[in-house]
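Residue numbers (the UniProt record's numbering): 1 to 195.
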């Protein structure tokens, strides 16, 4: 009888130990499952964030390229500053039209009227082509105060530094526009190819 009681006690202890081990194993599996699920959620969040950052990076890279093009264009305008200044003086003097300067900054779209009649004598009231040629020749002889660096010089050799000139009912506006300047350069290049 004592032997059977001892055996029963041993079996009970063994069963209790097995139950405790099974419960501990189940708890470990549940903990691991929760941990893996948490990692999967983190991975999903990080993939979503990565996609957003890649999209933003692509957008910013495009914007940087656009701004680099505008910088090259503005440097080209500055390299032609003496020729442009002479032409603007002739345009301003022709018929005493008001010259409007358009600010092309994306934050400000205001027009600032700028009336500059300095140097406009009575003999400068008409806009003549020979005056333009004279101004351009003088500018070529004098050179630019802001020459383009080698990296800013266009590969095709066509300078895209110019201004858009708009005349409407006696008002003349001059705008910096890299798109129009590039179109004019492309047109000039196509014309040279045809000739």
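Backbone N, C-alpha and C define an ideal beta-carbon position, used for all residues, glycine too.
Quiz item: Around the Cβ of residue 171, are there at least 16 other Cβ atoms within 10 angstroms (buried) or fewer (exposed)?
Solution: Looking up residue 171 in the chain shown gives position 171. Classification of residue 171: exposed, given that the 10 Å Cβ count is below 16.
Exercise. Flag this pair as yes or no: are the beta carbons of residue 178 and residue 61 separated by less than 9 Å?
Key: On the chain shown, position 178 is the one that residue 178 refers to. On the chain shown, position 61 is the one that residue 61 refers to. Cβ distance not < 9 Å, so residue 178 and residue 61 don't count as in contact.
Quiz prompt | Buried or exposed (CB count within 10 angstroms, at least 16 for buried), residue 67 | solution = What you label residue 67 is simply residue 67 of the chain shown in a count that begins at 1. When all chains shown are included, residue 67 counts as exposed.
Self-check item: Integer Cβ distance of residue 74 from residue 176, believed to fall under 8 Å
Solution: On the chain shown, residue 74 is found 74 positions in, with the first residue counted as 1. On the chain shown, residue 176 is found 176 positions in, with the first residue counted as 1. The pair is a contact, with the Cβ atoms about 7 Å apart (cut-off 8 Å).
Self-check item: Length of the line joining the Cα atoms of residue 59 and residue 183
Solution: Position 59 of the chain shown, counted from the first residue, corresponds to residue 59. Position 183 of the chain shown, counted from the first residue, corresponds to residue 183. Approximately 24 Å, taken between the alpha carbons.
Quiz item: In this structure, does DSSP put residue 176 in helix, strand or coil?
Solution: In the chain shown, residue 176 corresponds to position 176, counting from 1. Correct three-state label for residue 176: coil.
Quiz item: Given that a residue counts as buried once 16 or more other Cβ atoms are within 10 Å of its Cβ, and exposed if not, what is residue 80?
Solution: Against the chain shown, residue 80 aligns to sequence position 80. Residue 80 is buried by the Cβ-count criterion.
Self-check item: Cross-strand partners of residue 164 (DSSP beta bridge)
Solution: By 1-based counting over the chain shown, the position of residue 164 is 164. Paired residues: 175.
Self-check item: Pairwise C-alpha distance: residue 14 and residue 7
Solution: Numbered from 1 along the chain shown, position 7 holds the residue referred to as residue 7. Numbered from 1 along the chain shown, position 14 holds the residue referred to as residue 14. The straight-line gap from Cα to Cα measures roughly 10 Å.
Quiz item: Within 9 Å (strictly less), CB to CB, does residue 173 reach chain D?
Solution: The chain inventory of the structure shown lacks chain D, comprising one protein chain alone.
Quiz prompt | residue 55 in three-state terms, based on DSSP | solution = What you label residue 55 is simply residue 55 of the chain shown in a count that begins at 1. Residue 55: helix per DSSP, three-state reduction.
Quiz item: Going straight from the alpha carbon of residue 191 to that of residue 173, what length do you get?
Solution: Locating residue 191 in the chain shown gives position 191, counting from the first residue. Locating residue 173 in the chain shown gives position 173, counting from the first residue. If I take the Cα positions, the gap works out to 27 Å.
Quiz item: residue 51 to residue 35, Cα distance in whole Å?
Solution: Along the chain shown, one-based indexing puts residue 51 at 51. Along the chain shown, one-based indexing puts residue 35 at 35. Cα to Cα, the separation comes out at about 24 Å.
Practice problem: Take residue 85 as the anchor and find which of 23, 165, 185 has the nearest alpha-carbon. | Solution: For the purposes of this step, residue 85 is identified with residue 85 of the chain shown, where counting begins at 1. Here the closest residue by C-alpha is 165.
Quiz item: Just how far apart, CA to CA, sit residue 64 and residue 189?
Solution: Working through the chain shown from its first residue, we reach residue 64 at position 64. Working through the chain shown from its first residue, we reach residue 189 at position 189. So the two alpha carbons sit approximately 26 Å from each other.
Quiz item: Per DSSP, what kind of secondary structure is residue 80 in: helix, strand or coil?
Solution: As a position in the chain shown, residue 80 is number 80, starting the count at 1. Three-state DSSP puts residue 80 in coil, outside helix and strand.
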